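> Structure below; questions to follow.
In this note's numbering, the protein residues as written are 161 to 585.
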């Protein structure tokens with residue numbers, strides 16, 4: 161970090177071994193603390209005397225060194241940079257004052273690194289505004305209040321317009337897209353956080369509604385023509401320009417609910433006590449998933465015989481489930497599931513016919529899981545505007561991480577009015 165922020169440059173040994181190299185991934189994942197060849201400080205500990213006879217060892221030959229290294233942080237303190245705007249009077253009588261840098265706009269303010277750390281703790285580590293302010297005050301002896309954290313976050317989110325437009329364009333043209341949505345309470349009411357993501361890009365969008373109105377406002381799905389992976393939520397089917405692929409993990413969870421409900425003795429089809437149609441569908445789905453996982457790299461399809469056999473088992477199981485007599489509302493729901501499997505078998509089995517399509521929609525679920533963690537740690541959003549700021553900043557940091565930037569590096573660029581942008585191609 162530069163000297164106008166909260167932190168001084170780390171020692172070269174920490175920079176070399178921490179794993180947070182420029183353009184690298186987060187350093188703590190998969191890293192272990194190891195000794196370095198060029199420590200910053202070396203302290204020698206000589207033996208005071210011979211442990212046997214007590215003789216002086218000042219002139220004794222050295223036989224070896226045992227190296228032990230301690231990694232620690234230097235004292236961290238604020239560095240104050242004063243910008244003096246000099247005024248001078250011309251011979252014509254006019255007084256002209258020098259111009260301040262674009263980011264220096266107040267008599268006192270925090271620099272880009274300090275602001276980036278505020279946003280990082282608030283929306284990166286999910287501390288509340290109050291705890292973020294307390295952490296900065298305690299760690300760096302910096303007079304920070306919750307309003308300062310909120311203002312830094314708002315300024316950062318306001319600079320993400322070009323980035324969000326770029327990510328929207330990339331997602332719209334993607335061949336495969338993961339989408340999902342989850343509830344997010346704002347101002348004591350239920351709002352919704354929508355997500356669209358690929359391996360390289362992430363977009364989150366907060367909206368008061370869950371359905372098509374919000375999806376249209378997000379700006380990705382109306383013109384998307386690739387393969388859309390989702391969980392059979394009905395509004396996604398409104399986008400007929402896309403090819404649809406339904407999540408196998410969601411279906412397995414629904415099937416488990418059916419088998420749990422139809423315990424032994426309740427379901428007797430084909431004269432097999434304890435047998436349930438959902439169990440047959442589950443087994444066939446898992447067999448197809450295993451076959452795709454075992455397929456050689458570069459294979460365009462799995463064995464036609466395996467696909468035909470397991471697809472027939474799925475169809476026959478769903479046919480039986482469709483013709484069961486519902487006794488309760490739960491039974492009616494399970495019969496509706498069987499009808500859906502029959503109607504959308506191609507969408508559920510698309511992963512088995514196209515190697516570019518995954519079995520699950522876990523990529524989308526991982527994207528919105530962070531919002532759930534944030535709510536668990538620090539509670540609901542106070543305003544919808546705050547939720548939109550959270551969505552924009554998480555979109556930025558998640559996408560930057562996918563491209564090899566660390567979260568703090570990306571945020572420092574953002575608070576320096578030079579946000580990272582993905583390549584146009």
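All C-beta atoms in this analysis are idealised placements derived from N, C-alpha and C, irrespective of residue type, glycine included.
A quick note: this is a predicted structure, and the numbers were derived from the prediction, not measured.
Which residues in the same chain as residue 183 place their Cβ atom closer than 6 Å to its Cβ, once the five residues preceding and following it in sequence are excluded?
Low per-residue confidence applies at residue 183: pLDDT is 38, beneath 50, and the placement is therefore not dependable, though the value from the model is reported in the following sentence. If we look at residue 183 and ignore the five residues flanking it on each side, its Cβ neighbours are 564.
> How far does the alpha helix (DSSP H) with residue 508 in it reach, from first residue to last?
First-last of the alpha helix (DSSP H) with residue 508: 505-508.
> Please classify residue 234: is it buried, with 16 or more other beta-carbons within 10 angstroms of its beta-carbon, or exposed?
It is exposed - the Cβ of residue 234 has fewer than 16 other Cβ atoms within 10 Å.
> Would you call the stretch 334-347 and the stretch 309-326 in contact, with 3 or more CB pairs under 8 Å?
Contact between the stretch 334-347 and the stretch 309-326 is absent, because fewer than three Cβ pairs lie under 8 Å.
> I'd like to confirm the pairing. Which residues does DSSP put opposite residue 350 in its beta bridges?
DSSP lists 345 as partners of residue 350.
> My understanding is that residue 582 touches residue 283, with C-beta atoms under 8 Å, so please give their C-beta distance in whole angstroms.
Their Cβ separation, rounded to whole angstroms, is 20 Å, which puts residue 582 and residue 283 out of contact at 8 Å.
> Report yes or no: is there a C-beta of chain D within less than 8 Å of the C-beta of residue 231?
Any reference to chain D falls outside this structure, which holds one protein chain only.
> Ordered along the chain, which non-local residues of its own chain (more than five positions away) have a Cβ less than 6 Å from that of residue 243?
Closer than 6 Å at the Cβ level, and outside the excluded window around residue 243, lie 260 and 264.
> Give the DSSP bridge partners of residue 387, in chain order.
336 and 403.
> Could you check which residue in 575, 307, 471 and 314 has the C-alpha nearest to that of residue 507?
Residue 507 has its Cα closest to that of 471, out of 575, 307, 471 and 314.
> In whole angstroms, give me the CA-to-CA distance for residue 368 and residue 406.
Their Cα atoms are separated by approximately 25 Å.
> Sort 223, 366 and 332 by Cα distance to residue 541 and report the nearest one.
Ranking 223, 366 and 332 by Cα distance to residue 541 puts 366 first.
> So for residue 248, helix, strand or coil by DSSP?
Of the three classes helix, strand and coil, the one that applies to residue 248 here is strand, per DSSP.
> Relative to the alpha-carbon of residue 270, which residue among 569, 248, 468 and 300 has its alpha-carbon at the smallest distance?
Cα-wise, what sits closest to residue 270 is 300.
> Determine the DSSP secondary structure at residue 537, reduced to helix, strand or coil.
Helix at residue 537.
> Looking at the strands, I want to know which residues DSSP matches up with residue 255.
According to DSSP, residue 255 bridges with 249.
> Check residue 479 in the structure and name its three-state DSSP category.
Looking at residue 479 - three-state DSSP - the assignment turns out to be helix.
> Let me confirm a value: residue 181 is counted as buried when at least 16 other C-beta atoms fall within 10 Å, else exposed. Which label applies?
For residue 181, the predicted structure reports a pLDDT of 40, less than 50, and the residue's modelled location is therefore unreliable. The matter cannot be settled from this model.
> Runs of 4 residues minimum, wholly inside the stretch 443-504: which ones carry the alpha helix (DSSP H) assignment?
Fully enclosed alpha helix (DSSP H) runs of 4 or longer: 464-482 and 489-503.
> Spatial neighbours of residue 350 within its chain, please: C-beta separation below 7 Å, excluding the five flanking residues on both sides.
Hits under 7 Å: 343.
> Quick one: Cα of residue 442 to Cα of residue 378, how far?
Going from the Cα of residue 442 to the Cα of residue 378 covers about 35 Å.
> How about residue 445 and residue 408: do their beta carbons lie closer than 8 Å?
Yes.
> Looking only at its chain, what residues have a beta carbon closer than 8 Å to the beta carbon of residue 360, apart from the 5 residues adjacent to it on each side?
The residues are 330, 559, 562, 563 and 582.
> Would you list the one or two residues that DSSP bridges to residue 243?
Beta-bridge pairing links residue 243 to no other residue.
> When the Cα atoms are used, what is the spatial distance from residue 575 to residue 312?
Approximately 8 Å between the Cα atoms of the pair.
> I need the DSSP call for residue 590, collapsed to helix, strand or coil.
Look at the range of the chain in this structure, 161 to 585, and you will see that residue 590 is not part of it.
> Look at residue 275 and residue 307 and say whether their C-beta atoms are less than 8 Å apart.
No, they are not a contact pair.
> Compute the distance between the beta-carbons of residue 334 and residue 358, then report whether it is under 8 Å.
Yes. Within cutoff.
> When you compare only the Cα positions, how much space is there between residue 579 and residue 272?
Going by the C-alpha atoms only, they are around 12 Å apart.
> Determine the direct distance from the alpha carbon of residue 503 to that of residue 492, and round the result to whole angstroms.
Answer to the nearest angstrom: the Cα atoms are 16 Å apart.
> In terms of alpha-carbon separation, which member of 353, 386, 332 and 505 lies closest to residue 528?
Measuring from the Cα of residue 528, the nearest candidate turns out to be 353.
> Which residues does DSSP list as the beta-bridge partners of residue 367?
In the DSSP output, where bridge partners are listed per residue, residue 367 has 352.
> Among the residues of its own chain, which have a CB less than 7 Å from the CB of residue 372, if the five just before and after it don't count?
Around residue 372: 395 and 398.
> Take residue 338 as the anchor and find which of 195, 393, 236 and 479 has the nearest alpha-carbon.
Nearest of 195, 393, 236 and 479 to residue 338, Cα basis: 393.
> Can you give the Cα-Cα distance for residue 533 and residue 210, rounded to whole angstroms?
Between residue 533 and residue 210, the C-alpha separation is close to 59 Å.
> Tell me which same chain residues have a C-beta within less than 8 Å of the C-beta of residue 327, skipping the five on either side of it?
Closer than 8 Å at the Cβ level, and outside the excluded window around residue 327, lie 361, 362, 363, 555, 559 and 582.
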